[in-house]
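Below: one structure, written as structure tokens.
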Amino acid sequence: MLSNFYQNTVLKNPKSIFLLLIITLLSFGYFTKDFRLDASSDTLLIEGDPDLEYLREVTQRYGSKDFLVLTFSPDEEMVSDASINNLLSLKYKIQSLDWVHSVITLLDIPLLDNSDAPLQERLENFKTLKDEGVDKQRGFKEILNSPVFRNFVISEDGKTSGIIVNIKKDILKDIENKTDQEIEIYKD
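For the sequence shown, the residue numbers in our numbering are 4 to 191.
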């Protein structure tokens, strides 16, 4: 029965079916302007999920920070003096914005395997890539091979670094109620 319908309708009227498909696709295309996708954490998690309940409990107890992640891909090698100076300059410029609480870059990561000193001494006086006298290649390799920092503040290929910008809470509190003119103040 279904094969007869297919034979009589689809195969014997290909132009009509093609026209019907074109009309259907055009109507779908027209109505995509009204499509809205909400990908917030509230819509992606199922109510009653134990992990969601745990997240809410931890957030209520300890709070949460809003943050922004930027990427930095220098033209030169990541550990060159020019790249480090550019990243440091960018960090200070971002940090000077009044809505920024703190900025974390590749240059802020403690290097624990960068010297042959005893571990206790390295923990007490840890170095970073921006410090003088640090073997930058060795430190960069340490960060790149770290399971904690790889793909978090540095890409696997070592060519792109992440910049984590923690945002002050009171700035975001009522952003919905601010006018466009007030928001323009925060643009750089």
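Backbone N, C-alpha and C define an ideal beta-carbon position, used for all residues, glycine too. Small disclaimer: the values here were computed from a predicted structure and weren't measured.
Look at the Cβ atom of residue 159, then the Cβ atom of residue 114, and state whether they are nearer than 8 Å. no
For my contact list, residue 133 and residue 81 are in at a C-beta cut-off of 8 Å; report their separation, rounded to the angstrom. Your pair residue 133 and residue 81 does not check out as a contact, with CB atoms roughly 13 Å apart and the cut at 8 Å.
What first and last residue would you give for the alpha helix (DSSP H) that runs through residue 51? Neither: residue 51 is in no alpha helix (DSSP H) and is coded neither H nor E.
Per DSSP, what kind of secondary structure is residue 142 in: helix, strand or coil? helix
Compute the Euclidean distance between the alpha carbons of residue 100 and residue 33, then round it to the nearest angstrom. Rounded to the nearest angstrom, the two C-alpha atoms are 42 Å apart.
Can you tell me the Cα-Cα spacing of residue 36 and residue 67, whole angstroms? So the two alpha carbons sit approximately 34 Å from each other.
Rounded straight-line distance, which links the Cα of residue 90 to that of residue 167: 12 Å
Taking the alpha-carbon positions, what's the residue 110 to residue 103 distance? 18 Å
Does the Cβ-Cβ distance between residue 151 and residue 165 come in under 8 Å? no
Taking just the CA atoms, how far does residue 130 sit from residue 138? 10 Å
So what's residue 111 in DSSP terms, helix, strand or just coil? helix
Taking only three categories from DSSP, how would you classify residue 101? If DSSP states are grouped into helix, strand and coil, residue 101 belongs with coil.
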